[in-house]
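The structure appears below as structure tokens.
Number of protein chains: 2
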Amino acid sequence: MSKPGIPKGTRDFLPLQVAQRDYIFNTIRSIFIKYGYKGISTPVMENLSTLTGKYGDEGDQLLFKILNNGDYLAKADQEAIEERDSARLTSSISKRGLRYDLTVPFARYVVMHRNELQLPFRRYAIEPVWRADRPQKGRYQEFIQCDADIVGTPGLMCEAELVGLTDEVFKALNIPVIIKVNNRKVLMGIAEVCGLNEQFTEFTVAIDKLDKIGEEKVIEELKAIGVAESTVRNAIELLSTESLSKLNQALKNSEVGQQGVAELQEFHNYLDLIGHSNDVVFDGSLARGLSYYTGCIFEVKAKDFEMGSIAGGGRYDDLTGVFGLKGVSGVGISFGAERIYDIMSAQDLFPKSKLMQSRAIVLAMDNESHKYGFVQAAKLRKSGFSIDQYPEPAKFKKQMKYAHQGNYPFAIIIGEEERVNNCLTVRNMENGEQSRVTCDELIKLWKSS
Amino acid sequence: MSKPGIPKGTRDFLPLQVAQRDYIFNTIRSIFIKYGYKGISTPVMENLSTLTGKYGDEGDQLLFKILNNGDYLAKADQEAIEERDSARLTSSISKRGLRYDLTVPFARYVVMHRNELQLPFRRYAIEPVWRADRPQKGRYQEFIQCDADIVGTPGLMCEAELVGLTDEVFKALNIPVIIKVNNRKVLMGIAEVCGLNEQFTEFTVAIDKLDKIGEEKVIEELKAIGVAESTVRNAIELLSTESLSKLNQALKNSEVGQQGVAELQEFHNYLDLIGHSNDVVFDGSLARGLSYYTGCIFEVKAKDFEMGSIAGGGRYDDLTGVFGLKGVSGVGISFGAERIYDIMSAQDLFPKSKLMQSRAIVLAMDNESHKYGFVQAAKLRKSGFSIDQYPEPAKFKKQMKYAHQGNYPFAIIIGEEERVNNCLTVRNMENGEQSRVTCDELIKLWKSS
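These protein sequences, in sequence, are chains A and B. Going by the working numbering, the first residue of the first sequence is number 1, and it counts up by one from there. Going by the working numbering, the first residue of the second sequence is number 1001, and it counts up by one from there.
Now the structure itself:
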């Protein structure tokens, strides 16, 4: 007999949790659709050749790989076996892996289907991804990402559209946020004027951690690769410039830096046209870890809750190049549904009415009433209401207890009297009020409420 | 550079296909919810100890197994490596697998969460499963199952409820079907009176194929394991009994057989109370391959389309026993979404209005109009409409071509005149009719239509 359990880093969800999670996904999905984004779907299993090398060495380590079926050792790298070299053996016994994010599969998808898609193309996907990270609180090996991207256009309207969309999502979810915006070209400009061109990647990786580890640690990190302390302090000073015009002045000797400022200005002009509910602020120290970003970048933080970023994205000029299609510029946003779920759970932000599934449960006093109730349940469902029925004529007390624990708004109670008079007793489970109505009256009542 | 491709047996879906598939899933889900079923969710990755041994030897072969991360060879079965014994090595280098169906994970779930769930418990799940079957037309390695089950009650109301639900699903999808019903106890009774008790499993497996391979091949198959031809013919004769009362007479010497007939009778009595749109017929030769069924069984076939069964299910008395919880009787139905999709595609059964995502696309004649359009799009979205906008002020002809190919019902066209007069030109993309309205007028018009 198997002892039941689930893998570390994965989760089962109870009905209430599923309803809560669906509320988040449905809210985000409906806003994606409202902005013209189209749903696409890619397989959970991708060829390892698609995934490997796209997320850095660390990412490659974190890919879940699927063992080839059948007698996989027969075709395995025999030398790797002899030397017990796991890393080398893998590619000969595993061809497939679980997707690590929704971005690389999307790039592959655009390349493979470029003749079936019209560019510019807006797509969304709300699907699980897998990472073999060490499981810990709030970090899972299997989790949902919610992405929207528009590819095939350099227009800065898209950045404003996505920030507008993001603003609307968090307004709908009732989570006050700050949306931070920067531009990788501004960072390049700062690196340029500070003489950090050659260390640009290390520079962005380090300042990405400014929030978490503080200025002194960042300086240490960059000193370790040979950057002078004064250079770093100079760069950090520039990163904290608050106005775009001052920054423009400071970057007057960097073409790319000026371009970054101009893009941010154009982005803000677009955004001002439509307005926003949440704060949208320029933050020169925002870097985003991922190296494929090349233009505007965004990151969202909850205002009233200590938590890492809950959404983020940016523009990438050459995501599909790695699959052989050059010159497709795109911009995207990804919502961290798991963190959003954690915040909403902790702050009890789920609207109860949206989580309710069944409007009523039918309970019966005896066998005949049970059958009568079966007919009434069918009638109520025909009118579109979600109705549960206790599935056997069990002791009434037991049925009532079940109804209470199940959080049904109403119980429909049937005994001999109801049966004989062809009616129902409807009990409001919150206040205990009961009334006797016919099925048709109940339908009318519910339809008008 | 990776050459893009996806694993055999998996699929990418284009936006229209996603909309079509979502239509199927949403239709089924909304009916599950209407009948009081609650959504649950289990991980894609399960421990192999949960999956192995639950689907027979063949099933074990078809499980996708996930390679342990890190230096997996260090902890591997060294003897198995030396002997290049793939089958034996697997358990020491792979702890997890992809779920093979939604039923075994559900049984595990009920056992693990029995203190958090109220029995009887109705659950639904619409999620992908994986099987390393040889890919072929209509058979995929990654596909969606749609299951509803009610566990913790022996009441035959449940069987009728599920058949009623099934009837409603196919009515909603506009696919005329025949719902076949039988009871495994009837089959046991027939086996008993024919002296086939000891070969019951082989008997059910063979008659399950009666449709496909015909009577003579079934006789051959059972002769091969030592059953006399006359016995098989006798059993097949009984299987084709059309009325329950005749069958009751024929099974008068089998207690289990009589019980099966009585259960079918009670099921039909319940079903008659609520009626049904599609044919529900008793079919004594219906066996269902899966060995865990113990009571009523169902199978659904499309009436006007040559295709295997598109839904099926039945009662199982001890699904959770294998995980240590005895005595939980349940009954479930599983919809074959992929086959349903194939039928609906072939017969063009998708209602177009349900597949439409964006109501309009905003097109602009020049840069200023593009900005004006950006504001109008935001306004229309605020009123709840799904609006796309061509994301840059490209050549108008190019934008118009894009709008035509994108199947938008309306295009909202903006040029200098519209801008100056603060209005929009709305073009019906089907008939080419154009009218000039203000944004508020358009909102009013659309809200009333």
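Backbone N, C-alpha and C fix where the C-beta goes; we use that ideal spot for every residue, glycine too.
Margin query: Whole angstroms are fine: how far does the CA of G1005(B) sit from the CA of Y1124(B)?
Written below: 33 Å
Item checked: Integer-rounded CB distance, given that Y35(A) should sit under 8 Å from E161(A) -> 6 Å
Notebook entry, point to check: Which class does R1184(B) belong to by DSSP, given the choice of helix, strand or coil?
Noted result: helix
Notebook entry, point to check: V104(A) to Y55(A), Cα distance in whole Å?
Noted result: 9 Å
Checklist line | Minimum C-alpha distance to T175(A) - residue among A346(A), H404(A) and E418(A) | finding: At residue 175(A) the sequence reads Ile, which differs from the Thr that was named. Of the candidates A346(A), H404(A) and E418(A), the one whose C-alpha sits nearest the C-alpha of I175(A) is A346(A).
Check: Mind checking if T1438(B) is an interface residue toward chain A, Cβ cutoff 9 Å exclusive?
Finding: no
Next item on the list: Can you tell me the Cβ-Cβ gap for Y390(A) and Q399(A), rounded? I've got them flagged as a contact below 8 Å.
Entry: 5 Å
Checklist line | Residues bridged to D1435(B) [DSSP beta-bridge criterion] | finding: Per the sequence shown, residue 1435(B) should be read as Ser rather than Asp. Its beta-bridge partners are V1426(B).
Next item on the list: Compare the beta carbon distance of L222(A) and E202(A) with 9 Å and say whether it is the shorter of the two.
Entry: yes
Note to self: Strictly below 9 Å CB to CB, what residues from chain A border Y999(B)?
What the structure shows: In the structure as shown, chain B starts at 1001 and stops at 1449, and residue 999(B) therefore has no counterpart that could be examined.
Note to self: Suppose the cutoff is 8 Å on Cβ atoms and the five residues either side in sequence are ignored; what does the same chain contact list for T1010(B) look like?
What the structure shows: Y1140, Q1141 and E1142
Next item on the list: Hey, could you find the ends of the beta strand (DSSP E) E142(A) is sitting in?
Entry: E142 to V151
Next item on the list: On a CA-only basis, which of L16(A), R315(A), T42(A) and G284(A) is nearest I333(A)? Give me that one, please.
Entry: R315(A)
Margin query: Would A1132(B) pass as an interface residue toward chain A - the criterion being a Cβ-Cβ separation below 9 Å?
Written below: yes
Note to self: I'd like to confirm the pairing. Which residues does DSSP put opposite S41(A) in its beta bridges?
What the structure shows: F1013(B)
Check: In chain B, what lies closer than 8 Å to G406(A) by C-beta?
Finding: Q1118
Notebook entry, point to check: Using a C-beta to C-beta distance shorter than 7 Å, which residues of chain B count as neighbours of C158(A)?
Noted result: P1391
Checklist line | With 16 other Cβ atoms within 10 Å as the buried cut-off, status of S1329(B) | finding: buried
Next item on the list: Report the rounded CA-to-CA distance for E456(A) versus N1115(B), giving the unit in angstroms.
Entry: Any question about residue 456(A) goes unanswered here, given that chain A covers just 1 to 449.
Check: For K301(A), which beta-bridge partners are listed by DSSP?
Finding: I178(A)
Check: With burial defined as no fewer than 16 other Cβ atoms inside 10 Å of the residue's Cβ, what is the status of M1045(B): buried or exposed?
Finding: buried
Next item on the list: Run down chain A in chain order and give the residues with a C-beta less than 9 Å from the C-beta of I1412(B).
Entry: Under the 9 Å cutoff, chain A gives no residues; its nearest Cβ is about 12 Å from I1412(B).
Next item on the list: Would you kindly work out how many angstroms separate the C-alpha atoms of D366(A) and Y1341(B), rounded to a whole number?
Entry: 43 Å
Check: Skipping 5 residues on each side, what residues in its chain have a beta carbon closer than 7 Å to that of V1256(B)?
Finding: K1185, M1188, G1189 and E1192
Item checked: Secondary structure, beta strand (DSSP E): runs of 3+ residues fully inside the stretch 275-358 of chain A -> 279-282, 296-302, 311-316 and 330-336
Notebook entry, point to check: Curious, which full-length alpha helix (DSSP H) runs of at least 4 residues does the stretch 1054-1116 of chain B contain?
Noted result: 1056-1061, 1078-1082, 1086-1093 and 1103-1112
Notebook entry, point to check: Between the C-alpha atoms of A80(A) and L89(A), what's the straight-line distance to the nearest angstrom?
Noted result: 5 Å
Notebook entry, point to check: Does DSSP put N1253(B) in a helix, a strand or coil?
Noted result: coil
Margin query: So if DSSP puts F1410(B) in a beta bridge, which residue, or which two residues, is it bridged to?
Written below: A1360(B) and N1428(B)
Check: Do you know how far the Cα of T1166(B) is from the Cα of K382(A)?
Finding: 14 Å
Check: Counting contacts by CB-CB distance shorter than 9 Å, is F385(A) in contact with chain B?
Finding: yes
Next item on the list: Verify the CB distance criterion: does V1111(B) have a CB-CB separation below 9 Å to chain D?
Entry: Absent from the structure is chain D; the protein chains it does hold are A and B.
Notebook entry, point to check: Do you know whose CA, among F385(A), R122(A), E433(A) and Q61(A), lies nearest W446(A)'s CA?
Noted result: F385(A)
Margin query: Using DSSP's beta-bridge definition, name the partner residues of N1421(B).
Written below: Bridge partners of N1421(B): none, in fact.
Next item on the list: Please check the pair A1287(B) and D1208(B), which I expect to be a contact at CB under 8 Å, by giving their CB distance rounded to whole angstroms.
Entry: 4 Å
Next item on the list: Counting only the same chain and skipping the five closest in sequence on each side, list residues whose C-beta sits under 7 Å from that of C1423(B).
Entry: R1436, V1437 and T1438
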